[in-house]
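Worksheet: the structure to be examined is printed underneath.
In our numbering, the protein residues as written are 55 to 298.
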């Protein structure tokens with residue numbers, strides 16, 4: 055029987071979602087907790103793989119278990135057992151072919167920037183004090199809707215068959231000393247959001263024009279796009295499924 059886990063985590067102490075040999079990951083910690091509680095080896099598959107330091111306000115993952123589970127009790131046990139920076143919201147029984155990664159129809163990320171030094175946000179938002187033109191950055195966001203191939207924003211040497219993504223939303227909002235970039239798409243490439251943000255900031259600094267931005271996307275060349283902003287300001291905020 056297949057179950058979805060609805061969870062959140064702060065990525066500061068983890069080397070991303072995916073298990074790896076020499077670093078602690080969210081997947082490893084969660085699988086070990088399930089294994090101890092359910093007394094069986096459990097493999098989980100997530101909706102996506104966040105990089106080291108990236109946070110998830112909403113993540114879904116699935117696992118299979120061949121016995122009946124009291125999901126409310128399992129949620130309580132997991133939350134008692136897991137470290138304080140991983141929280142389980144609920145566990146949902148789904149049909150046996152449901153897939154946390156392949157069935158997700160839309161994902162939303164936000165990138166947080168604070169423009170005034172703040173001792174309480176240094177691990178949760180990127181401090182960037184230079185003046186930037188938000189209106190121009192939002193104009194550039196509209197250009198993203200005209201394209202589907204975003205190879206220029208992808209980490210090189212990745213194991214993907216296509217660089218095509220359909221972007222549904224992309225915009226900046228400012229409230230006092232806080233800047234938030236929101237982007238939603240059917241899928242994202244590795245490092246894509248952080249590279250888009252870095253390129254948009256160069257537009258806001260007026261180092262890159264809107265015409266240049268189009269040429270960067272059309273070049274399909276990562277070297278032509280902007281810098282990758284730090285991971286700690288990035289949040290996966292929403293994942294949508296047709297049946298949840």
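C-beta: ideal position from N, C-alpha, C; glycine also.
Here the stretch 231-240 makes no contact with the stretch 263-281; the two share fewer than three CB pairs at distances below 8 Å.
Taking the Cα positions, residue 84 is about 14 Å away from residue 77. Residue 128 and residue 100 have their C-alpha atoms spaced approximately 18 Å apart.
Cα atoms of residue 199 and residue 252: separation of roughly 18 Å, rounded to the nearest angstrom.
Relative to the Cα of residue 258, the nearest Cα in the group 271, 243 and 233 belongs to 233.
DSSP places residue 249 in the uninterrupted alpha helix (DSSP H) bounded by 246-258. Assigned with DSSP and collapsed to three states, residue 191 falls in helix. DSSP assignment within the stretch 118-191 yields the following whole beta strand (DSSP E) runs of 3 residues or more, N-terminal first: 140-148 and 158-168. Among the bridge pairs identified by DSSP, residue 228 is matched with 233. Rounded to the nearest whole angstrom, the CA to CA distance from residue 58 to residue 135 is 19 Å. Bounds of the beta strand (DSSP E) holding residue 288 are 288-295. Shortest Cα-Cα distance from residue 270 to any of 112, 284 and 207 involves 207.
Under the three-pair Cβ rule at 8 Å, the stretch 218-230 does not count as touching the stretch 143-159. Taking 7 Å as the cut-off, the beta carbon of residue 286 is found closer than this to the beta carbon of residue 107.
Annotated as distal: residue 194 and residue 243, with beta-carbon spacing of 7 Å or more. Nearest to residue 202 by alpha-carbon distance, out of 272, 227 and 70, is 272.
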